[in-house]
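Okay, structure first, notes after.
Here you go:
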């Protein structure tokens, strides 16, 4: 009952029926272009932090259908043998472009683009969205939480509340991308080379006859990094005084790395009183870690109130992004290809906001020339050469159409080619290198765009060529159907 | 970059440090009892539907530490060789009791109890909570959604918005336990023998020159189960008329299973108008499936407004329980065992609501004698023989202490022993058998307890013996620490 050693079947049935349908109804080599993008930012933010690319590419490279997978599909009595044979010999032949993990990315911008046979690219929709939606969601939440922590280290402590094992594992990685410094999750530590951390649970304290016995036993075993949970019985009357006794003994034995963790009660007043007690007892360097259902609002409020905190352990609110637990990324056909020519496609809709952008595209971040100050993004057709002056149009179809004269800018493309058939064209950096890259990217955005509450909208434009193409496709459809 | 073939490392670091600590500070055979329970019901419901037991037991049976796991743990420079050797030879020796999957279970009731060596049972905390919290959360959400659907079939369509691959896979299984009839997730279909379903995406329509071309191509390939997505361009002016043309052709060729799917717009009016058009065209049996960000509130409202719906596809709101995405199940020490004697343990807390129940316990559902009408639950010590008349006490420590005279009842235990060492004592029924069991259990509860909004609280009591034990432990702690 494992997820399986590849995600080939972790796919909606209709991807298979469509893929088989494309094989029969169209030329098997009929190609197309799909974009992955999203429309709504979780938590009313203005952008997300892209994450999940590494796993996504590994899954595509590794994708194959085992004999038992084929047998199962055959048993559904939906598919013909030609299609099942195709699956048996499956390997990726698509070209894939994507923005690097850690990139701040705005609504409607293609964070991944897949170009290849329709019947093949269609099969990627479900698991690519599953992976990218999840990890991008958690990286974005971690960015919010670590921003609220204002430089204090945030540790990811959510494994027990994550939505299943892979949510815990890949969520921990995404949390680091978004700014966390460590995880409690040992598997994530091993797989992604992330520092692991943690103290003790209440069960440790309760297993002994008294709190001081439990603390002393711990100190004997882990004298060089003695962090004690002080809220099992009574924080100020028992936990902190007993911790201080333990630290005094350890100090006498030459040890010096001490800390306490508070997991309940009024953190502001408790942490301030605990700080005072520790300082007065001669332990100004003893660290106070807190960890009670924290999120960005609570952290911000605690710091504002003067809580004395050295580190934060954040669990369920981070690992599930519980205030906004869904990133609704979509996988939309942008073009089909016939005889080498791209035929642009869009999804019309009763909801104007769902209008898509046709064609094979690139997204550029625009900087004031000679600076690292980004002031807008621009979505263009991939083969456009950007002129020096652009009469750009707002990308949001819900906004009143506005033209904007862009000039004196430097345009840096965000998507790069990451896979060509079975060939990986990118190597995934260490997860802390991704975090560092992400922080650099964020530093280039206006502060107002990064605000937690009511962020300023960062302008995203499309080129006049892309706008004209979109309008032409709309007219054509509304005449034709 | 897989979750791995077992979850031994998907555990918080502190479980390992505590386990190693128990080995060194206490007798390696020192035993204890842990309970898994929760305090808050998601979505302000009154109970949850237990799920995840099958995966939980498989993980425990399968639990082992590979050489590279041991090497990683050694590299942390925290653990001694005695502990690493213990892990290398790890196998379960605990006794485990649990309520069957599908059981409606109330706050504070132990849904799983683990008795065994502390250093072993401590290692299970994180992954057991991860699995049980997740699957119980989704089964409970599915129960709410399928109840709102009032008998209409609900299909789980959420794979792309699930929080990672295992969330999609096990979430689909949990959705069936909670009442869904099918999933779009092919891997879940294969692994759990669940019917898979689905129609087509907009990309199918867009890949052809016109909607009618796309419909006709589909009908040629899948004539015996022709369900068409009608909202790519304009539902009433294009989608439904084109679908009817397609059905007319198929009908002429002797086919008879038709349907449409609506995925956007005002479902109430669109479905009613579509129904009328289909009926007037001679297709009263054509099914209307809807699928646009549905949840229990929207479904209830649509049905109240007279929307014409034959089936529902529910995605992100089900697979993430997005309105309430965390079940905060906990793993608490209830006793330690010395020389065969149980020493009861509790967690005191500044928050009175977090007070736990000590001892090795059983939970009973109480029925009016001679009926299948449950009227209360009762938590007792496992070795208590329930008398005919019980002066029970309310289990909720936040409630004003109330005594209640219970008599004329039949008490049915909810927990059964499910594992003894490496021996499984239960076989997992087919997932639809679990669903059926769950429905039977629900039928025995008062309707008012199952309401979606403001459900009536179902009474949960503890026996006077358990109450006395809890009070005794409290006094002892408050004197001692």
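Chains as they are written, first to last, in UniProt numbering: chain A, 1 to 481; chain B, 1 to 481.
Quick reminder that beta carbons are idealized off the backbone N, C-alpha and C, glycines included.
Exercise. To the nearest angstrom, how far is it from the Cα of residue 337 of chain B to the Cα of residue 345 of chain B?
Worked result: Locating residue 337 of chain B in the second chain gives position 337, where the first residue counts as 1. Locating residue 345 of chain B in the second chain gives position 345, where the first residue counts as 1. Roughly 10 angstroms separates the two Cα atoms.
Problem set entry | Proximal chain A residues relative to residue 255 of chain B, where beta-carbon distance stays under 7 angstroms | Within the second chain, numbered from 1, the residue matching residue 255 of chain B stands at position 255. None at all; the shortest Cβ gap to chain A is about 15 angstroms.
For this session: Determine the chain B residues that contact residue 197 of chain A at a beta-carbon separation under 9 angstroms, and present them in chain order.
Result: Reading the first chain from its first residue, position 197 is the one you call residue 197 of chain A. What residue 197 of chain A touches in chain B: 13, 14.
Exercise. Relative to the alpha-carbon of residue 154 of chain A, which residue among A:126, A:176, A:369 has its alpha-carbon at the smallest distance?
Worked result: Numbered from its first residue, the first chain carries residue 154 of chain A at position 154. Out of A:126, A:176, A:369, A:176 has the C-alpha closest to the C-alpha of residue 154 of chain A.
For this session: Report the residue from B:309, B:124, B:394 whose alpha carbon sits nearest the alpha carbon of residue 61 of chain B.
Result: Translated into the one-based positions of the second chain, residue 61 of chain B becomes position 61. Measuring from the Cα of residue 61 of chain B, the nearest candidate turns out to be B:124.
Problem set entry | Reference residue 232 of chain B; option with closest CA among B:254, B:226, B:219, B:208 | Sequence index remark: in the second chain, residue 232 of chain B carries index 232 (1-based). The option with the nearest alpha carbon to residue 232 of chain B is B:208.
Exercise. With 8 angstroms set as the bound, which would you pick, yes or no: does the beta-carbon of residue 471 of chain B sit closer than that to a beta-carbon of chain A?
Worked result: Residue 471 of chain B sits at position 471 when you count from the first residue of the second chain. Taking CB atoms only, residue 471 of chain B has no neighbour in chain A less than 8 angstroms away.
Exercise. Between residue 392 of chain B and residue 463 of chain B, which are expected to be in contact by the criterion C-beta below 8 angstroms, what is the C-beta distance as a whole number of angstroms?
Worked result: Within the second chain, residue 392 of chain B is the residue found at index 392, counting from 1. Within the second chain, residue 463 of chain B is the residue found at index 463, counting from 1. That pair is a contact at about 6 angstroms.
For this session: Determine the DSSP secondary structure at residue 130 of chain A, reduced to helix, strand or coil.
Result: Walking along the first chain from the start, residue 130 of chain A turns up at place 130. Of the three classes helix, strand and coil, the one that applies to residue 130 of chain A here is helix, per DSSP.
Problem set entry | Contact list for residue 130 of chain B against chain E, beta-carbon separation under 9 angstroms | Although the question refers to chain E, the structure presented lacks it and instead comprises the protein chains A and B.
Problem set entry | Among A:102, A:380, A:40, A:47, nearest to residue 329 of chain A - alpha-carbon criterion | Taking the first residue of the first chain as 1, we reach residue 329 of chain A at position 329. Nearest of A:102, A:380, A:40, A:47 to residue 329 of chain A, Cα basis: A:40.
Problem set entry | Every unbroken beta strand (DSSP E) inside the stretch 223 to 292 of chain B [3 residues or more] | 226 to 229, 258 to 262, 287 to 290
For this session: Determine the burial state of residue 160 of chain A: buried for a count of at least 16 other Cβ atoms within 10 Å of its Cβ, exposed for fewer.
Result: Position 160 of the first chain holds residue 160 of chain A. Residue 160 of chain A should be labelled buried.
For this session: Would you list, in chain order, the members of the stretch 17 to 45 of chain A that have their beta-carbon closer than 9 angstroms to a beta-carbon of chain B?
Result: 17, 18, 20, 21, 22, 24, 25, 26, 30, 32, 34
For this session: Closer than 8 angstroms by C-beta to residue 425 of chain B: which residues in its own chain qualify, once you throw out the five before and the five after it? Chain order, please.
Result: Here residue 425 of chain B corresponds to residue number 425 of the second chain, with the count starting at 1. So the qualifying residues of the chain are 416, 417, 418, 419.
Exercise. My guess is that residue 104 of chain A and residue 445 of chain A are in contact by the Cβ rule of under 8 angstroms, so how many angstroms apart are they, rounded?
Worked result: Indexing the first chain from 1 puts residue 104 of chain A at position 104. Indexing the first chain from 1 puts residue 445 of chain A at position 445. At roughly 6 angstroms, the Cβ-Cβ gap stays under 8 angstroms, so residue 104 of chain A and residue 445 of chain A are in contact.
Problem set entry | Assigned exposure category for residue 402 of chain B - 16 Cβ within 10 Å defines buried | Position 402 of the second chain holds residue 402 of chain B. Exposed is the call here.
Exercise. What does a CB cutoff of less than 8 angstroms around residue 204 of chain A pick up in its chain, not counting 5 residues either side in sequence?
Worked result: For the purposes of this step, residue 204 of chain A is taken as the residue at position 204 of the first chain. Same-chain partners within the cutoff: 214, 218, 229.
Exercise. Which whole-angstrom value describes the C-beta separation of residue 317 of chain A and residue 323 of chain A, a residue pair presumed to lie in contact below a C-beta threshold of 8 angstroms?
Worked result: Translated into the one-based positions of the first chain, residue 317 of chain A becomes position 317. Translated into the one-based positions of the first chain, residue 323 of chain A becomes position 323. The Cβ separation is near 7 angstroms, so the contact holds.
Exercise. Helix, strand or coil: how does DSSP classify residue 362 of chain B here?
Worked result: Indexing the second chain from 1 puts residue 362 of chain B at position 362. Correct three-state label for residue 362 of chain B: strand.
Problem set entry | Three-state secondary structure (DSSP) of residue 29 of chain B | Residue mapping note: residue 29 of chain B aligns to position 29 of the second chain, counting from 1. If DSSP states are grouped into helix, strand and coil, residue 29 of chain B belongs with coil.
Exercise. What do you get for residue 156 of chain B, buried or exposed, if any count of 16 or more other CB atoms within 10 angstroms of its CB means buried?
Worked result: As a working mapping, residue 156 of chain B is identified with position 156 in the second chain. Buried, by the Cβ-count rule.
For this session: Would you mind listing the alpha helix (DSSP H) stretches within the stretch 20 to 104 of chain A that are 4+ residues and don't spill past its ends, in chain order?
Result: If only complete runs of 4 or more residues are kept, the stretch 20 to 104 of chain A shows the alpha helix (DSSP H) at 53 to 62, 67 to 75, 81 to 88, in order along the chain.
For this session: Could you confirm whether any beta carbon from chain B is found closer than 8 angstroms to the beta carbon of residue 368 of chain A?
Result: Stepping through the first chain from its first residue, residue 368 of chain A is reached at position 368. No, because no Cβ of chain B sits closer than 8 angstroms to the Cβ of residue 368 of chain A.
Problem set entry | Neighbour list for residue 344 of chain A in chain B, Cβ cutoff strictly below 9 angstroms | In the first chain, counting from the first residue as 1, residue 344 of chain A sits at position 344. Near residue 344 of chain A there are no residues of chain B at all, since even the closest Cβ is about 10 angstroms away, more than 9 angstroms.
Exercise. From B:149, B:169, B:220, B:423, pick the residue whose C-alpha is nearest to that of residue 300 of chain B; which is it?
Worked result: Your numbering for residue 300 of chain B matches position 300 in the second chain. When the alpha-carbon of residue 300 of chain B is set against those of B:149, B:169, B:220, B:423, the nearest one is in B:149.
For this session: Would you mind sorting residue 447 of chain A into buried or exposed? The rule is 16 or more other CB atoms within 10 Å of its CB.
Result: Counting from 1 along the first chain, the entry for residue 447 of chain A is found at position 447. With fewer than 16 Cβ atoms within 10 Å of its Cβ, residue 447 of chain A is classed as exposed.
For this session: Starting from the C-beta of residue 7 of chain A, find all residues in its chain whose C-beta is less than 6 angstroms away, skip the five residues before and the five after it, and write them out in chain order.
Result: Translated into positions along the first chain, residue 7 of chain A becomes position 7. Within the same chain, residue 7 of chain A has close Cβ partners 59, 127.
For this session: For residue 436 of chain A, count neighbouring C-beta atoms within 10 Å of its own C-beta (all shown protein chains included) and say buried if the count is 16 or more, exposed if not.
Result: On the first chain, position 436 is the one that residue 436 of chain A refers to. Classification of residue 436 of chain A: exposed, given that the 10 Å Cβ count is below 16.
For this session: Please check the pair residue 289 of chain B and residue 227 of chain B, which I expect to be a contact at CB under 8 angstroms, by giving their CB distance rounded to whole angstroms.
Result: Along the second chain, read from residue 1 onward, the residue named residue 289 of chain B stands at position 289. Along the second chain, read from residue 1 onward, the residue named residue 227 of chain B stands at position 227. About 7 angstroms; that satisfies the 8 angstroms criterion.
Exercise. Which partner residues of residue 117 of chain B appear in the DSSP bridge assignment?
Worked result: Here residue 117 of chain B is taken as the residue at index 117 of the second chain, counted from 1. Per DSSP, B:31.
For this session: Out of A:98, A:151, A:99, state which residue places its alpha-carbon closest to the alpha-carbon of residue 311 of chain A.
Result: If you number the first chain from 1, residue 311 of chain A lands on position 311. That would be A:151, whose Cα lies nearest to the Cα of residue 311 of chain A.
Exercise. Does the distance from the C-beta atom of residue 45 of chain B to that of residue 455 of chain B stay below 8 angstroms?
Worked result: The count along the second chain starts at 1 and reaches residue 45 of chain B at position 45. The count along the second chain starts at 1 and reaches residue 455 of chain B at position 455. Yes.
Exercise. So residue 154 of chain B is in the beta strand (DSSP E); what residue range does that whole segment cover?
Worked result: Working through the second chain from its first residue, we reach residue 154 of chain B at position 154. Segment 154 to 156, the beta strand (DSSP E) holding residue 154 of chain B.
Exercise. Rounded to whole angstroms, how far is the Cβ of residue 320 of chain B from the Cβ of residue 326 of chain A, which I believe are closer than 8 angstroms?
Worked result: Sequence index remark: in the second chain, residue 320 of chain B carries index 320 (1-based). Sequence index remark: in the first chain, residue 326 of chain A carries index 326 (1-based). Contact flag correct, Cβ pair sits at about 6 angstroms.
For this session: Confirm, please, whether the CB-CB distance from residue 22 of chain A to residue 119 of chain A is below 8 angstroms.
Result: By one-based count along the first chain, residue 119 of chain A stands at place 119. By one-based count along the first chain, residue 22 of chain A stands at place 22. The answer is yes: Cβ separation under 8 angstroms.
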